[in-house]
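*Asks:* Next up is a structure, given as structure tokens.
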Amino acid sequence: MSLDQSLDKILIIDFGSQFTQLIARRIRELGVFSEIVSHKKINAKYINNSIKGIVLSGGPLNVNQKNKFSFDKKILKLNIPILGICFGHQILSKLNGGTVKQSKHREFGLANIHKKKDSLLINKFFSNKKIKKVWMSHADQVSKLPRNFKVIASSANSKFAIVENNIKNYYGVQFHPEVTHTEDGKKIISNFIFLICKIKKNWSSKDQKKQLIKDIKNTVGNNKVICALSGGVDSSVVAQLLNKAIGKKLYCIFVNTGLLRKNEEIQVVQTFKKRLRINLISVNAEKEFLKKLKNVSDPEKKRKIIGKLFIKIFERYAKKIKNVKFLAQGTLYPDLIESKSVTGSQTSKIKSHHNVGGLPKKMNLKLVEPLKFLFKDEVRKLGLELNLSKEIISRHPFPGPGLAIRIPGIITNEKIKILKEADYYFIRALKENNLYHKIWQAYAALLPVKTVGVMGDNRTYEYLCLLRAITSEDGMTADYYDFKKSFMQTISNKIVNSIRGINRVVYDVSSKPPSTIELE
Ligand code: XMP
């Protein structure tokens with residue numbers, strides 16, 4: 013049995029809401045496993061005893077356009093509690109004989125709802141004032157409730173803001189309890205899963221660790237597994253999980269492309285080979301990468317060259333380990349959902365991350381993807397549970413092509429050396445000033461221009477160093493971090509005074525969009 017089959021769970025049927033993943037995360041934060049499945053893929057046959065409750069997500073659809081969505085009505089006969097959110101609430105009403113119409117007043121943003129009646133769903137949700145602020149986002153609404161449904165709360169524009177049919181255990185909310193703008197929204201979700209579905213907590217990093225190690229042992233048996241280790245969070249957690257599960261049958265390959273951060277190779281070898289005693293093949297391929305990148309300035313060409321060469325080197329070393337059957341990969345749950353293969357591992361796409369793209373096809377390896385049901389924050393917690401250091405677990409993201417895309421234009425050994433130093437001083441200063449963890453990602457880049465400076469009595473003509481530090485939730489949007497002037501002054505001085513080759517430092521104050529996080 014694998015993690016997705018053996019655990020009791022709340023199933024979220026996704027109708028395309030931008031918040032579906034948030035629903036899953038809220039449930040998991042409450043200590044219960046939850047899984048997302050697209051409305052297009054689910055039918056009553058899929059639902060087994062492990063599913064203790066169903067959430068119908070919101071979505072951009074209209075319940076009266078039946079050909080636009082699918083829902084197997086047999087699911088309603090399974091005697092499993094259902095919570096419909098926004099569109100999910102409308103579909104639940106519609107399928108039970110209610111009606112849904114375009115709202116006279118569309119509601120987007122905060123609205124007050126008023127309590128009308130007690131319900132398990134709102135246990136300890138309303139304060140004495142019987143009013144709560146919730147976040148709405150809908151143009152349609154339920155206009156007539158089905159038989160046996162009662163109103164629990166209303167807003168000025170949505171009479172049926174919270175409804176229930178307590179005979180069948182159906183609940184509907186027109187607003188979004190999963191978003192943080194809804195005051196105490198998590199209480200609604202908690203009441204649904206614990207008081208109504210009566211599911212028990214089963215989702216802590218400790219539970220995950222035990223179950224995943226068991227799963228890996230069952231899948232892999234006595235076979236050998238290889239893993240591309242980059243030193244980043246995901247591959248580090250995968251390596252350590254496999255290490256705990258199969259020990260010396262795991263072989264990690266670390267490729268130093270020469271485009272990594274200062275001391276990266278030493279740190280990876282120290283941690284994984286010396287401290288965790290993992291079989292680690294550390295390949296120094298700096299010269300090979302630099303040779304291939306000579307005179308290349310186009311960013312996409314750089315990416316392709318690095319990706320291809322990485323695979324070539326990985327394959328070269330993987331072949332030296334005889335009888336390998338599996339390739340371990342750090343695919344995460346959002347990758348799986350995005351590749352639309354939520355229901356099974358067979359179809360799961362190989363992450364487009366250059367490190368491993370294309371490997372299994374050529375090498376005929378089966379995939380082991382132990383993190384494929386976890387979100388990033390869960391991976392971090394699991395890493396701590398596996399005794400990985402906080403330093404590894406909370407590292408900033410680092411792009412696969414590494415420093416190559418932080419040196420716009422042609423890459424030379426000299427530029428790489430200068431940039432590694434600048435980045436090192438910047439990141440060290442962030443850590444020393446307790447800023448590192450307030451920032452989502454930070455780096456130094458070396459711009460392909462030289463400017464004039466004056467040092468002592470001499471004129472200099474050296475490179476321009478750009479510093480970038482951003483705050484973000486997920487890398488999709490970003491704001492620049494607002495440093496104090498004294499920090500900027502100190503780091504600028506440190507870089508210019510310590511590194512030959514840089515005589516000017518600039519700070520990137522653009523946000524994403526319209527800019528991107530990386531320069532290339
Ligand atoms: P952008 O520059 O697109 O970056 O705003 C968003 C996030 O993705 C990382 N990034 C990459 N990661 N290979 C990677 O593995 C790449 O080619 C690549 N390009 C950008 C970037 O560091 C940021 O975290």
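Note that my numbering has the sequence shown beginning at 13, numbered continuously upward. Glycine residues also receive a C-beta, built at the ideal position from the N, C-alpha and C atoms. A quick note: this is a predicted structure, and the numbers were derived from the prediction, not measured.
Look at the Cβ atom of phenylalanine 31, then the Cβ atom of valine 191, and state whether they are nearer than 9 Å.
*Replies:* In contact: phenylalanine 31 and valine 191 (Cβ atoms closer than 9 Å).
*Asks:* Looking only at C-alpha atoms, which of Glu277, Ile94, Lys162 and Ile317 sits nearest to isoleucine 208?
*Replies:* Selected option, being the one with the closest Cα: Ile94.
*Asks:* Would glycine 319 and alanine 297 be called neighbours here (beta carbons separated by less than 9 Å)?
*Replies:* No, the pair does not count as a contact, with Cβ atoms beyond the cut-off.
*Asks:* For tyrosine 58, count neighbouring Cβ atoms within 10 angstroms of its own Cβ and tell me buried if that reaches 16, exposed if not.
*Replies:* Classification for tyrosine 58: exposed.
*Asks:* Is isoleucine 110 near the ligand XMP - that is, is its Cβ less than 8 Å away from at least one heavy atom of it?
*Replies:* For clarity, residue 110 is glycine in the given sequence; the question names isoleucine instead. Glycine 110: no, Cβ never under 8 Å from the ligand XMP.
*Asks:* With DSSP collapsed to three states, give me the class of valine 175.
*Replies:* It is a strand residue.
*Asks:* Are there any heavy atoms of the ligand XMP lying less than 8 Å away from the beta-carbon of arginine 392, as far as the coordinates show?
*Replies:* No, since every heavy atom of the ligand XMP falls outside the 8 Å radius drawn around the Cβ of arginine 392.
*Asks:* Figure out for me which residue from Thr489, Val146 and Phe27 has the closest Cα to the Cα of threonine 194.
*Replies:* It is Val146 whose Cα lies nearest to the Cα of threonine 194.
*Asks:* Could you check where the alpha helix (DSSP H) with phenylalanine 99 kicks off and where it finishes?
*Replies:* From DSSP, the alpha helix (DSSP H) with phenylalanine 99 extends over 99-107.
*Asks:* Going by the CB atoms, is the gap between lysine 64 and lysine 210 shorter than 9 Å?
*Replies:* In contact: lysine 210 and lysine 64 (Cβ atoms closer than 9 Å).
*Asks:* Going by the C-beta, is glutamine 453 closer than 8 Å to any heavy atom of the ligand XMP?
*Replies:* Glutamine 453 Cβ: within cutoff of the ligand XMP.
*Asks:* For tyrosine 183, report the span of its alpha helix (DSSP H) as first-last.
*Replies:* Premise fails: tyrosine 183 lies in the beta strand (DSSP E), 182-185, not in any alpha helix (DSSP H).
*Asks:* Considering only the beta carbon of each residue, do isoleucine 35 and serine 69 sit closer than 9 Å?
*Replies:* Taking 9 Å as the Cβ cut-off, isoleucine 35 and serine 69 qualify as a contacting pair.
*Asks:* Can at least three beta-carbon pairs, one atom from the region 71-79 and one from the region 232-249, be found at a separation below 8 Å?
*Replies:* Too few Cβ pairs lie closer than 8 Å, so no.
*Asks:* Apart from the five residues on each side of it in sequence, which residues of its chain come closer than 6 Å, Cβ to Cβ, to alanine 441?
*Replies:* Same-chain partners within the cutoff: Ile503.
*Asks:* Between which residues of its own chain and histidine 449 is the CB-CB distance below 7 Å, once the five residues before and five after are set aside?
*Replies:* Cβ neighbours of histidine 449 beyond the five flanking positions: Ser406.
*Asks:* Nearer than 8 Å: is that true of the beta carbon of arginine 512 relative to any heavy atom of the ligand XMP?
*Replies:* Result no, Cβ not under 8 Å from the ligand XMP.
*Asks:* Could you pull the DSSP bridge partners for threonine 483 from this structure?
*Replies:* Per DSSP, Asp491.
*Asks:* Give me whichever residues DSSP pairs with glutamine 33 in a beta bridge.
*Replies:* None, per the DSSP bridge assignment.
*Asks:* Which of the three DSSP states, helix, strand or coil, is assigned to lysine 363?
*Replies:* Reliability of the predicted coordinates at lysine 363 is poor, the pLDDT of 31 falling under 50, and the value obtained from them is presented with this limitation in mind. If DSSP states are grouped into helix, strand and coil, lysine 363 belongs with coil.
*Asks:* Any chance you could list the alpha helix (DSSP H) runs of at least 4 consecutive residues sitting entirely within the region 247-335, in chain order?
*Replies:* List check, alpha helix (DSSP H) in window: 276-280, 298-305 and 311-332.
*Asks:* By Cβ distance below 8 Å, which residues in the same chain neighbour alanine 56 in space, the five residues on each side in sequence not counted?
*Replies:* Once the five neighbours on either side are set aside, the close Cβ partners of alanine 56 are Asp84, Lys86, Ile87, Lys89 and Leu90.
*Asks:* Can you list, in chain order, the residues of its chain with a C-beta nearer than 6 Å to that of asparagine 169? Leave out the 5 residues immediately preceding and following it.
*Replies:* Excluding positions up to five away in sequence, the list reads His117 and Glu119.
*Asks:* Counting Cβ pairs, one atom from each stretch, are 3 or more of them under 8 Å apart for the region 509-526 and the region 425-438?
*Replies:* The region 509-526 vs the region 425-438: in contact.
*Asks:* Taking only runs that begin and end inside the region 125-180, name each unbroken alpha helix (DSSP H) of 4 or more residues, in chain order.
*Replies:* Fully enclosed alpha helix (DSSP H) runs of 4 or longer: not present.
*Asks:* Who pairs with isoleucine 25 in a beta bridge, going by DSSP?
*Replies:* Isoleucine 25 is bridged to Val49 and Leu68.
*Asks:* Take serine 9 and list the residues in its own chain whose beta-carbon comes closer than 7 Å to its own, dropping the five residues that flank it on each side.
*Replies:* There is simply no residue 9 to check, as the chain begins at 13 and stops at 532 in what is shown.
*Asks:* Below 8 Å, is the gap between the Cβ of phenylalanine 536 and the nearest heavy atom of the ligand XMP?
*Replies:* A query on residue 536 cannot be resolved here, the shown segment of the chain reaching from 13 to 532 and no further.
*Asks:* Terminal residues of the continuous beta strand (DSSP E) containing glycine 414?
*Replies:* Segment: none, glycine 414 is in no beta strand (DSSP E) and carries neither H nor E.
*Asks:* On the criterion of 16 or more Cβ atoms from any shown chain inside 10 Å, does valine 461 qualify as buried, or is it exposed?
*Replies:* Exposed is the call here.
*Asks:* For lysine 384 and tyrosine 345, which I take to be in contact (beta-carbon distance under 8 Å), what is that distance rounded to the nearest angstrom?
*Replies:* Contact holds; Cβ gap of about 6 Å.
*Asks:* Report the rounded CA-to-CA distance for lysine 299 versus asparagine 235, giving the unit in angstroms.
*Replies:* Approximately 34 Å between the Cα atoms of the pair.
*Asks:* Identify which residue in Ile200, Glu381, Asn275 and Val308 has its Cα closest to the Cα of valine 250.
*Replies:* If we check each option's Cα against that of valine 250, Glu381 comes out closest.
*Asks:* Just reading off the alpha helix (DSSP H) that threonine 192 is part of, what are its end residues?
*Replies:* Here threonine 192 belongs to no alpha helix (DSSP H), and DSSP marks it neither H nor E.
*Asks:* Cα separation between lysine 388 and alanine 151?
*Replies:* For lysine 388 and alanine 151, the distance between alpha carbons rounds to 33 Å.
*Asks:* Report the partner residues of leucine 339 according to the DSSP bridge assignment.
*Replies:* Ile238 and Leu379, per the DSSP bridge assignment.
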